[in-house]
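Enquirer:
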Amino acid sequence: MFPKKHKTNTKHKYFMKLAYNQASRILGNTGENPAVGCVIVKNNELISLAHTNFNGRPHAERIALSNKKINFKGSLLYSTLEPCSHYGKTSPCTNIIKKQNIKKVYFSKFDPDKRSFKKAKKKLNKYNIKTFENVHKYAGDSFYKDFDIMKRTNNIFISSKLATSKDLFISDKYNKWITNIYSRGRVHLLRANHDSILTTSKTILKDDPMLDCRIDGLQKYSPKRFVIDKNLTIPMTSKIIRTANKISTCV
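Heads up, the sequence shown is in the UniProt record's numbering, so the first residue is 1 and it goes up one at a time.
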């Protein structure tokens, strides 16, 4: 329950943050589709929430509105991204929003996909459903940075991971890590949020890494592993080879 006397903008930001919490749970594991979080509120109470399913379908809005035991009429819908309004492998989310008699739709960011960009707002307004964009927008600009780049340039999004000291040195042969437990945890989260990871045979020969995600609950989101090894020097006893039957690996 959210306090009724609370400032309206703060209330909307609060529920949008809940939606982003949902989206972050599936970030990097929705295929070509973006990770979206959706929250449904009625009479100031949270009645449903969801995120995009694994590999991108069903969409968050459709999952959140699929509970037949809930009366969604007059509810407010909060989505981290503009709801889809085009037909693909499924019907548009704007259709189910209309069907469930949602009163107002709040979203953080317009969908950069040309098939949907600013179209949901027009479509929902025709259905007499009020829409409000740019709620908690700065979070959307950061959260969807990779998706924006992919849609704008039609290229993949690449992250580079470097472990160096402040004066740009790396660990010596006597130290296993130059990083700490917090930065290593961040690296494992980045692995879970990316489709694949690329390294060279030199790294495998020196460090014998697993290149998987070892955060509890996220192990299944370990990225596909690619290793550049033009001379085929990686030994069969290396961890990456011994676990190739569990995690997709290409050398």
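By construction, the Cβ of each residue, glycine as well, lies at the ideal position given by its N, Cα and C atoms. Since the model is a prediction, treat every value here as computed from it, not as a measurement.
Report the three-state DSSP secondary structure of His6 (helix, strand or coil).
Expert: The residue labelled residue 6 in the question sits at position 6 within the sequence shown. Per-residue confidence for His6 stands at a pLDDT of 47, beneath the threshold of 50, marking its modelled position as unreliable; no derived number is given.
Enquirer: Can you give me the C-alpha to C-alpha distance between Cys250 and Ile234, rounded to a whole angstrom?
Expert: Position 250 of the sequence shown, counted from the start, is the residue given in the question as residue 250. Position 234 of the sequence shown, counted from the start, is the residue given in the question as residue 234. Taking the straight line from one Cα to the other gives about 12 Å.
Enquirer: Nearest-angstrom Cα distance between Lys119 and Ile96?
Expert: Looking up residue 119 in the sequence shown gives position 119. Looking up residue 96 in the sequence shown gives position 96. If you take the alpha carbons of Lys119 and Ile96, they lie about 15 Å apart.
Enquirer: Quick one: is Lys5 buried, meaning 16 or more other Cβ sit within 10 Å of its Cβ, or exposed?
Expert: Reading the sequence shown from its first residue, position 5 is the one you call residue 5. In this predicted model, Lys5 has a pLDDT of only 45, less than 50, meaning its place in the structure is not dependable; the value taken from the coordinates is given anyway. Lys5 is exposed by the Cβ-count criterion.
Enquirer: What is the DSSP secondary structure of Gly37, reduced to helix, strand or coil?
Expert: Residue 37 sits at position 37 when you count from the first residue of the sequence shown. Looking at Gly37 - three-state DSSP - the assignment turns out to be strand.
Enquirer: Is there contact here, the segment 154 to 167 with the segment 126 to 141, by at least three beta-carbon pairs under 8 Å?
Expert: The segment 154 to 167 vs the segment 126 to 141: no contact.
Enquirer: Between Arg57, Asn231, Pro112, which has its C-alpha nearest Asp148's C-alpha?
Expert: On the sequence shown, position 148 is the one that residue 148 refers to. Minimum Cα distance to Asp148 is reached at Pro112.
Enquirer: Ala64 to Asn193, Cα distance in whole Å?
Expert: As a working mapping, residue 64 is identified with position 64 in the sequence shown. As a working mapping, residue 193 is identified with position 193 in the sequence shown. Near 23 Å, if we compare the C-alpha coordinates of Asn193 and Ala64.
Enquirer: Can you name the start and end residues of the alpha helix (DSSP H) that Tyr182 belongs to?
Expert: The residue labelled residue 182 in the question sits at position 182 within the sequence shown. Counting along the chain, the alpha helix (DSSP H) containing Tyr182 begins and ends at 181 to 192.
Enquirer: Could you round the C-beta distance between Asp79 and Val105 to whole angstroms and report it? I think they count as a contact, below 8 Å.
Expert: The residue labelled residue 79 in the question sits at position 79 within the sequence shown. The residue labelled residue 105 in the question sits at position 105 within the sequence shown. Contrary to the premise, residue 79 reads as Ser rather than Asp in this sequence. Right, the Cβ-Cβ distance comes to about 7 Å (below 8 Å), so this counts as a contact.
Enquirer: Checking the sheet assignment: what are the DSSP bridge partners for Phe226?
Expert: To locate residue 226, count along the sequence shown from 1; it is residue 226. Leu198, Cys250, per the DSSP bridge assignment.
Enquirer: Report all residues from its chain with a CB closer than 8 Å to the CB of Phe132; omit the five preceding and five following residues, and keep chain order.
Expert: The residue you call residue 132 lines up with position 132 of the sequence shown. Same-chain partners within the cutoff: His12, Lys104, Val105, Tyr106, Phe107.
Enquirer: Please list, in chain order, all residues of the same chain as His59 whose beta carbon is under 7 Å from its beta carbon, the five residues on each side excluded.
Expert: Taking the first residue of the sequence shown as position 1, residue 59 is located at position 59. Answer for His59: Val36, Thr52, Cys84, Cys93, listed in chain order.
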